[in-house]
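Student:
Numbering (the working numbering), first residue to last: -7 to 189.
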């Protein structure tokens, strides 16, 4: 990452941190982009160079995880079964963010329940790459065998379910994000993914 890219990432992270705190305190709809920019110490034009919309501030943390899941799956041991490798890649990525940051994101997200239906763990491009990597592990052609695509879709749907379950949890004694995601992923793990047809 170049110096310029690192600087952009730092500005974006500060905008996001400030926005989450404001959303949690005042509510998503009550916070304006001008307030976020002012609190972050930047101009509105700088804000819009880094952020497309307030909604993206809440949704992008989930979307950005896709590239991480792909990279983590690619790094898993080659002899690891496809379902286990994909599950572990998702879990490692889910647990990569500090608990305090995750809780701040959840508090902010709770003020925008209308965005819950837009939580998507991964972009179509990353999903396609995951299918390719899973097919390699299964030693099958994803063009003629639907198992790699089915496994990826089921695992991602389970992970998204875990995220939504955690986001909707109102009890302070509820399970952590990694626990919710792991519980959902376990339902997909099965010997059937480890046997070539």
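A virtual CB, placed ideally from N, CA and C, is assigned to each residue, including glycine.
Keep in mind that this is a model prediction, so the values were computed, not measured.
So, are the CB atoms of residue 61 and residue 118 less than 8 Å apart?
Tutor: Residue 61 sits at position 69 when you count from the first residue of the chain shown. Residue 118 sits at position 126 when you count from the first residue of the chain shown. Yes, these two residues count as a Cβ contact at 8 Å.
Student: Give every residue of the same chain whose Cβ lies closer than 8 Å to the Cβ of residue 115, excluding the five residues on either side of it in the sequence, and list them in chain order.
Tutor: Your numbering for residue 115 matches position 123 in the chain shown. These residues qualify, in order along the chain: 55, 58.
Student: Rounding to the nearest angstrom, what Cα-Cα distance links residue 27 and residue 183 in this structure?
Tutor: Numbered from its first residue, the chain shown carries residue 27 at position 35. Numbered from its first residue, the chain shown carries residue 183 at position 191. C-alpha separation (whole angstroms): 52 Å.
Student: Considering only their Cβ atoms, is the gap separating residue 71 from residue 185 smaller than 8 Å?
Tutor: As a first step, residue 185 is located in the chain shown; it is residue number 193 there, counting from the start. As a first step, residue 71 is located in the chain shown; it is residue number 79 there, counting from the start. Cβ atoms of residue 185 and residue 71: not closer than 8 Å.
Student: Going along the chain, which unbroken runs of the beta strand (DSSP E) with 3 or more residues stay wholly within the segment 89 to 152?
Tutor: none
Student: Looking only at C-alpha atoms, which of 121, 143, 135 sits nearest to residue 177?
Tutor: If you number the chain shown from 1, residue 177 lands on position 185. Residue 177 has its Cα closest to that of 143, out of 121, 143, 135.
Student: Using a threshold of 8 Å, state whether the C-beta atoms of residue 2 and residue 51 are closer than that.
Tutor: Translated into the one-based positions of the chain shown, residue 2 becomes position 10. Translated into the one-based positions of the chain shown, residue 51 becomes position 59. Contact flag unset, no.
Student: Quick one: measure Cβ to Cβ for residue 47 and residue 111, integer angstroms, because I've assumed they're closer than 8 Å.
Tutor: For the purposes of this step, residue 47 is identified with residue 55 of the chain shown, where counting begins at 1. For the purposes of this step, residue 111 is identified with residue 119 of the chain shown, where counting begins at 1. Rounded, the Cβ-Cβ distance is 11 Å, inconsistent with contact.
Student: What distance in whole Å lies between the Cβ atoms of residue 173 and residue 82, which are believed to be in contact at a cut-off of 8 Å?
Tutor: For the purposes of this step, residue 82 is taken as residue 90 along the chain shown, with counting starting at 1. For the purposes of this step, residue 173 is taken as residue 181 along the chain shown, with counting starting at 1. Going by Cβ atoms, the distance from residue 82 to residue 173 rounds to 7 Å, so yes, they are a contact pair.
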